[in-house]
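Residue numbers for the sequence shown follow full-length UniProt numbering, beginning at 1 and rising by one. The beta-carbon is built from N, C-alpha and C at its ideal position, and this holds for glycine as well.
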Amino acid sequence: MVEMNSQQSRIREAYDLTVEQYHKGIDPLESVPEEIKSLPGYEEVINNVSLGSSAADIKEYLKPEKGMHFLDAGCCANLANYRFDKWPCTYYGVDISPAMIEAMKTFALKNGISIGGLHNTDIANMPFDDDFFQIAALIGVLEYCTLEYSKRALREMRRVLQPGAKMVLDIPNLDHPYVETMFRLEEHLRRPHIPKGREALENLLAPMFRIEHADDSRVMLKYFVRAEK
Numbered sequence: 001m002v003e004m005n006s007q008q009s010r011i012r013e014a015y016d017l018t019v020e021q022y023h024k025g026i027d028p029l030e031s032v033p034e035e036i037k038s039l040p041g042y043e044e045v046i047n048n049v050s051l052g053s054s055a056a057d058i059k060e061y062l063k064p065e066k067g068m069h070f071l072d073a074g075c076c077a078n079l080a081n082y083r084f085d086k087w088p089c090t091y092y093g094v095d096i097s098p099a100m101i102e103a104m105k106t107f108a109l110k111n112g113i114s115i116g117g118l119h120n121t122d123i124a125n126m127p128f129d130d131d132f133f134q135i136a137a138l139i140g141v142l143e144y145c146t147l148e149y150s151k152r153a154l155r156e157m158r159r160v161l162q163p164g165a166k167m168v169l170d171i172p173n174l175d176h177p178y179v180e181t182m183f184r185l186e187e188h189l190r191r192p193h194i195p196k197g198r199e200a201l202e203n204l205l206a207p208m209f210r211i212e213h214a215d216d217s218r219v220m221l222k223y224f225v226r227a228e229k
C-alpha cells in the first residue's frame with residue numbers, strides 16, 4: 001500500500017485523471033488556455049523530446065545490455081510511449097498512480113510484452129532487494145517532491161542500485177527562461193511543482209552518488225550519476 005502526503009495525493013490524482021482522459025479520447029493539452037500557450041517557450045516545453053525519458057542521451061549514458069535490470073522510477077506511460085521493452089535489458093516500472101500502472105499492465109498483456117514488473121508504489125519505499133538494478137532513470141519526478149521526500153527517495157534509489165550503477169535524473173532548471181512557462185502548464189494540469197535549487201539537490205546526491213555530468217542547457221536540469229560504492 002502506498003502511503004502519501006497531500007502533495008503526493010495530488011500528483012497521483014492528476015495522473016489517474018490523465019489515464020481516464022486518455023480512455024475517453026481526451027488530450028489534456030487541448031484544455032490549456034491561450035494565456036499559457038502564448039507564454040515564452042510553450043511549444044518547446046511540450047514538444048522537446050530531449051526533456052523526456054526517451055531522450056537519446058539517457059540511453060547513450062546508461063548503455064543497457066542483456067542481463068541488466070533497468071528501473072524506471074516514476075514510469076508514467078513510458079513503456080507504451082517509448083517501448084523500453086525493446087531495450088536489451090529487463091524493464092521494471094514503478095509509479096504512484098494506480099491507474100497508470102494498470103494501464104501499462106494492460107498494454108503489456110495485450111501486446112505480449114515480457115518485462116520484469118510494474119508496481120504501484122512510493123519511490124521512497126520500493127519492493128526490490130538491495131543492489132538489484134544496474135541502471136535507472138528518475139525523470140520528471142523530483143519536481144513534485146519536497147526536499148525531505150527527495151532525500152528519502154534518493155536514499156531508496158541508492159539502496160536498490162548496485163555500487164557503480166548508473167542513473168539519470170532531472171529537476172527544473174530554475175535559471176532557464178522557460179521554467180515559469182513549464183510551472184504554469186503543470187499547475188494547469190493539477191501537478192504543482194516544488195522548486196528546488198541546483199545546490200540543494202547536489203547536496204542530497206553527494207553522499208550517495210557521484211555526478212559524472214550535468215546538462216543545464218534546457219528547461220530541465222539533467223544529471224548523469226553513478227551510485228557510490
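Looking at the backbone, the Cα of T146 and that of I194 are separated by about 6 Å.
One alpha carbon belongs to N173, the other to A200, and they sit about 12 Å apart.
Residue nearest to I96 within the set I113, T181, C89, C75 is C75 (criterion: CA-CA distance). Y82 is positioned such that its CB atom lies no closer than 8 Å to that of K166. In this structure the segment 104-120 does not lie against the segment 30-46, because fewer than three pairs of beta carbons, one per stretch, are closer than 8 Å. Your pair I101 and L142 does not check out as a contact, with CB atoms roughly 20 Å apart and the cut at 8 Å. Around the beta-carbon of A206, fewer than 16 other beta-carbon atoms lie within 10 Å, marking it exposed. Less than 8 Å divides the Cβ of V45 from the Cβ of Y178. Here V168 is near Y223, since their CB atoms are less than 8 Å apart. Under the rule that a run must span 4 or more residues, the alpha helix (DSSP H) segments found entirely inside the UniProt domain "Methyltransferase type 11" (71-168) read 78-82, 98-110, 147-160. Taking the Cα positions, G116 is about 31 Å away from E202.
Around the Cβ of N78, a 10 Å sphere holds 16 or more other Cβ atoms; the residue is buried.
Assignment of Y223 by DSSP, reduced to helix, strand and coil, places it in the strand class.
By the neighbour-count definition (other C-beta atoms within 10 Å, threshold 16), K229 is an exposed residue. Exclusion of the five residues before and after I11 leaves I96, Y144, R191 as the residues of its chain whose Cβ lies within less than 7 Å of its Cβ.
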